[in-house]
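In the numbering used here, the protein residues as written are 359 to 813. No residue lacks a Cβ here, since even glycine has one placed at the ideal position from N, Cα and C.
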């Protein structure tokens with residue numbers, strides 16, 4: 359039996375054939391050797407080892423001048439890109455419990471595949487998800503047993519735009535996007551304007567609304583039975599930032615492809631969304647953004663979701679508001695290992711992640727620290743401070759805790775989450791794709807600012 363799986367409410371009985379068990383009572387400094395008399399090729403191990411050494415050297419080729427943190431993250435990133443079937447590639451969200459999730463894949467793709475210049479694999483992953491786009495939505499999850507994909511997400515589809523924009527920014531391969539992905543993006547826009555699952559639809563104010571009772575659609579998706587811990591129905595702040603960016607990205611692509619009708623439509627929608635966002639979401643009393651607005655009622659909880667209004671390529675905020683958002687997030691949410699999911703000042707804050715499934719999920723997005731959020735935070739902080747050398751040096755110093763964490767929990771990689779309260783013990787998956795990917799991305803793009811140069 360597996361005790362940790364039992365605590366998480368997962369299957370905990372081993373179902374592999376187990377012909378016998380060996381039990382030993384070991385004394386201090388004693389050793390026990392288990393050997394097999396099976397005849398094996400003695401030279402095969404060394405060949406396998408040499409091949410693996412060469413493969414790892416290839417992964418960091420061109421990065422030899424960078425410091426060890428970047429090289430370690432490149433090696434860690436490789437562990438998440440796997441085969442699905444004979445010829446498809448996908449991303450494992452986290453080890454040992456998660457499979458491939460649409461949201462996690464799109465967020466992690468720039469760090470896992472584009473920074474390491476694995477462009478062919480990035481294209482194959484994007485095409486695989488595009489093939490499963492249904493009613494203008496990307497799958498949130500592919501079940502293990504071959505059942506139909508699940509589409510309970512509002513943001514995976516919008517992160518798809520971000521991943522494609524990152525791809526063309528890195529490669530300049532607009533021809534590939536035109537041939538394989540552009541029509542899917544236009545179809546997504548049409549569905550979001552006319553309406554799709556879970557009441558996802560652009561409102562008359564240009565913003566995107568979503569949600570229905572009992573369904574979790576944003577990345578804050580903890581659910582225990584019928585209890586959706588952080589429902590965030592209506593208009594969530596990061597969804598508006600992603601929606602605005604999707605419009606600007608599609609406007610940009612349509613311009614490249616001489617699709618003037620789509621280009622103008624996206625420009626008009628983006629302008630309306632920007633005006634509405636600044637009018638509705640700014641919390642002047644707190645100097646930051648509301649987290650969510652449902653039926654005209656704003657949620658003033660200080661959460662990290664507002665950081666995306668600063669970090670994404672196209673921001674709706676003036677510079678002064680960008681700075682205020684970063685200051686608020688820094689004061690209330692920043693830790694050495696990422697951002698808290700809720701301010702400790704909030705009565706709903708939970709600083710410890712542990713216990714049975716209900717207690718864990720009750721803390722999952724109610725104060726627990728998420729390492730992947732360090733990526734958008736660093737991007738936002740550097741951008742709000744003008745991208746200066748000083749801002750980059752300050753950002754580099756913020757990553758010391760995660761650098762040291764490579765020697766803790768899952769060795770050589772980054773955990774999924776940490777306790778909100780000090781000493782911020784690592785929890786959840788010992789290796790999380792978007793944790794590794796976003797830290798690697800922000801180091802290369804925002805700290806080093808040159809993919810082949812060490813500062």
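Residues bridged to residue i [DSSP beta-bridge criterion]
{"i": "residue 453", "result": "789"}
{"i": "residue 534", "result": "Answer by DSSP bridge pairing: none, since residue 534 is not bridged."}
{"i": "residue 586", "result": "581"}
{"i": "residue 448", "result": "440"}
{"i": "residue 647", "result": "640"}
{"i": "residue 776", "result": "727, 784"}
{"i": "residue 698", "result": "727"}
{"i": "residue 593", "result": "651"}
{"i": "residue 499", "result": "459, 508"}
{"i": "residue 568", "result": "592"}
Buried or exposed by the 16-neighbour rule on C-beta atoms within 10 Å, applied to residue i
{"i": "residue 497", "result": "buried"}
{"i": "residue 397", "result": "exposed"}
{"i": "residue 566", "result": "buried"}
{"i": "residue 682", "result": "buried"}
{"i": "residue 499", "result": "buried"}
{"i": "residue 746", "result": "exposed"}
{"i": "residue 371", "result": "exposed"}
{"i": "residue 446", "result": "exposed"}
{"i": "residue 381", "result": "exposed"}
{"i": "residue 733", "result": "buried"}
{"i": "residue 562", "result": "exposed"}
{"i": "residue 647", "result": "buried"}
{"i": "residue 774", "result": "buried"}
{"i": "residue 800", "result": "buried"}
{"i": "residue 616", "result": "exposed"}
{"i": "residue 501", "result": "exposed"}
{"i": "residue 552", "result": "exposed"}
Nearest neighbour of residue i, chosen from the options [CA to CA]
{"i": "residue 624", "options": "719, 649, 667, 601", "result": "601"}
{"i": "residue 721", "options": "693, 786, 509", "result": "786"}
{"i": "residue 592", "options": "574, 585, 608, 448", "result": "574"}
{"i": "residue 549", "options": "536, 491, 524", "result": "491"}
{"i": "residue 583", "options": "572, 576, 590", "result": "572"}
{"i": "residue 468", "options": "771, 454, 577, 432", "result": "432"}
{"i": "residue 708", "options": "725, 719, 359", "result": "725"}
{"i": "residue 780", "options": "748, 533, 471, 693", "result": "693"}
{"i": "residue 495", "options": "473, 543, 454", "result": "543"}
{"i": "residue 665", "options": "685, 386, 535", "result": "685"}
{"i": "residue 524", "options": "505, 393, 671", "result": "671"}
{"i": "residue 796", "options": "782, 776, 784, 772", "result": "772"}
{"i": "residue 434", "options": "788, 802, 783, 770", "result": "770"}
{"i": "residue 420", "options": "546, 475, 758, 531", "result": "475"}
{"i": "residue 564", "options": "663, 375, 547", "result": "547"}
{"i": "residue 557", "options": "618, 517, 652, 663", "result": "652"}
Beta-carbon spacing of residue i, residue j below 8 Å
{"i": "residue 667", "j": "residue 599", "result": "yes"}
{"i": "residue 740", "j": "residue 804", "result": "yes"}
{"i": "residue 426", "j": "residue 791", "result": "no"}
{"i": "residue 729", "j": "residue 793", "result": "yes"}
{"i": "residue 458", "j": "residue 448", "result": "yes"}
{"i": "residue 301", "j": "residue 463", "result": "Any question about residue 301 goes unanswered here, given that the chain covers just 359 to 813."}
{"i": "residue 679", "j": "residue 640", "result": "yes"}
{"i": "residue 609", "j": "residue 628", "result": "yes"}
{"i": "residue 470", "j": "residue 438", "result": "yes"}
{"i": "residue 509", "j": "residue 555", "result": "yes"}
{"i": "residue 534", "j": "residue 611", "result": "no"}
{"i": "residue 768", "j": "residue 789", "result": "yes"}
Pairwise C-alpha distance: residue j and residue i
{"i": "residue 701", "j": "residue 778", "result": "9 Å"}
{"i": "residue 413", "j": "residue 514", "result": "32 Å"}
{"i": "residue 673", "j": "residue 603", "result": "8 Å"}
{"i": "residue 596", "j": "residue 650", "result": "9 Å"}
{"i": "residue 440", "j": "residue 633", "result": "42 Å"}
{"i": "residue 631", "j": "residue 364", "result": "46 Å"}
{"i": "residue 813", "j": "residue 493", "result": "With a pLDDT of only 31 at residue 813, under 50, the local geometry of the prediction cannot be trusted, and the value read off the model is given with reservation. C-alpha separation (whole angstroms): 46 Å."}
{"i": "residue 519", "j": "residue 731", "result": "19 Å"}
{"i": "residue 677", "j": "residue 752", "result": "19 Å"}
{"i": "residue 306", "j": "residue 765", "result": "Any property of residue 306 remains undetermined from this structure, which presents the chain solely from 359 to 813."}
{"i": "residue 377", "j": "residue 366", "result": "27 Å"}
{"i": "residue 394", "j": "residue 388", "result": "20 Å"}
{"i": "residue 807", "j": "residue 450", "result": "28 Å"}
{"i": "residue 379", "j": "residue 454", "result": "24 Å"}
{"i": "residue 429", "j": "residue 761", "result": "11 Å"}
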